């Protein structure tokens, strides 16, 4: 398909990319392009310029600190997360990335793109919320680091504003994690999802039930407490061709229990 | 690093290096089919779902309808035309032929490239690994079973 005319640049440094984004209101960051290019085909978005982040080494790589903290560059692909020995420090990351779409999409799609798109059906926003990740955002004025709970603002909206870039995702040590989803076909788009992490306390993040992941903290990992916590969130999920609001509310409870069970709760 | 709507790119496809002026909005699949005239790679859905446009860029399997030609500047691309040695089909292609792994044939270039990428990284895949390796490719004739068989035979 012929896209609308668009400018393109592939800067070699973060500063250069931020400057290009700041200089043009119509410029957008291009990460793996597995969402953005299709959005442009559908004319649902028509950037004037694409700032390709693939030439910026500072946005790549996975580092594992001695205390088990993972630092993941925003341009890290799903395939890199699946294959990385460092990322196995938090095995759920690779397990969930291996379920996203297909080989081709996993080879180009990035963790930063997935999070910044914040499509409610994406796998990674609820997972990152459950794992207690911190996200670092850079702008021409400097950088700041915020918790996942402050990062997701609405459908397709995050705290990484115009002229800013998500640069890295920092995930604390932990192993007791789970993820469960009902998808459109095997490993397709989520109809409802839940991510869970047990680290002293139990944290569950529910996906596809609101504009942003809904985080609940059950009193224990027991199924009754998990169900009670989900009910306590008074969810009012959207209805669409794939599921009614009532069905999504039901799935949220069921998937929360499954995710907590996988995390080792039962 | 200026922002530009046109750029000269250099891409090596199946061993031949092409230098072309392209618009930034041009998808890689259009560059391959229209600018370089290698029409083996197909456009099926043009939405990133069907995989008919799958090619290998710098060793990585991608859907070339979800990548801009300018993003491939400096890259090495492999398409279905690069598989055979002259008129001699390679082992995978022969297995597709022998196992009737194509009906209308539209998905075949993408299936071959996905299977090529799979067998390169995993020469002896399990049944599940073959299915997962071809997950991003849709066969509208639903001839999946023979495609699966052909990949299995090629891996033996």
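Residue numbers (the working numbering), protein chains in the order written: chain L, 237 to 502; chain F, -16 to 139.
All C-beta atoms in this analysis are idealised placements derived from N, C-alpha and C, irrespective of residue type, glycine included.
Since the structure is predicted, the reported quantities are computational estimates derived from the model, not experimental observations.
- The Cβ atoms of residue 96 of chain F and residue 37 of chain F sit closer than 7 Å to each other.
- Straight across, the Cα-Cα distance linking residue 328 of chain L with residue 3 of chain F is about 44 Å.
- Listed along chain F, the residues sitting closer than 8 Å to residue 290 of chain L by beta-carbon distance are 54.
- Excluding the 5 residues flanking it on each side, residue 137 of chain F has same chain C-beta neighbours closer than 6 Å at 74, 75, 78, in chain order.
- Leaving aside the five residues that flank residue -2 of chain F on each side, the residues in its chain whose CB is nearer than 8 Å to its CB run, in chain order, 65.
- The segment 120 to 134 of chain F makes contact with the segment 78 to 89 of chain F, as at least three CB pairs between them are under 8 Å.
- At a cut-off of 7 Å, the C-beta of residue 343 of chain L has a neighbouring C-beta in chain F.
- Taking C-beta atoms under 8 Å as the contact rule, residue 473 of chain L and residue 445 of chain L qualify, at a distance of about 4 Å.
- In terms of CA proximity to residue 441 of chain L, L:490 leads the group L:267, L:490, L:308.
- Nearest to residue 303 of chain L by C-alpha distance, out of L:407, L:377, L:397, L:380, is L:407.
- Judged by DSSP in its simplified three-state form, residue 288 of chain L adopts strand.
- A straight-line Cα-Cα distance of about 14 Å links residue 499 of chain L and residue 454 of chain L.
- With the criterion set as a beta carbon lying under 8 Å from some beta carbon of chain F, the members of the segment 238 to 259 of chain L are 238, 239, 240, 241, 242, 243, 244, 245, 246, 247, 248, 252, 256, in sequence order.
- By the Cβ criterion, the segment 238 to 251 of chain L is in contact with the segment 279 to 290 of chain L, since at least three pairs of Cβ atoms, one from each stretch, lie closer than 8 Å.
- Taken atom to atom, the span from the alpha-carbon of residue 305 of chain L to that of residue 275 of chain L is near 34 Å.
- Around residue -13 of chain F, the beta-carbon contacts reaching into chain L at under 8 Å are 243, 244, 245.
- DSSP lists L:286 as the beta-bridge partner residues of residue 264 of chain L.
- Three or more Cβ pairs closer than 8 Å define a contact, and the segment 418 to 437 of chain L falls short of that threshold against the segment 344 to 354 of chain L.
- Shown here, residue 495 of chain L sits in a helix according to DSSP, grouped into three states.
- Residue 357 of chain L and residue 404 of chain L do not touch by the CB rule: their CB atoms are close to 24 Å apart, not below 8 Å.
- Residues are counted here when their Cβ sits less than 8 Å from a Cβ of chain F; for the segment 328 to 343 of chain L these are 337, 338, 339, 340, 341, 343, given in chain order.
- The beta carbon of residue 471 of chain L is closer than 8 Å to those of 442, 445, 446, 450, 484, 485, 488 in its chain, skipping five residues each way along the sequence.
- DSSP places residue 393 of chain L within a strand segment (E or B) once states are collapsed to three.
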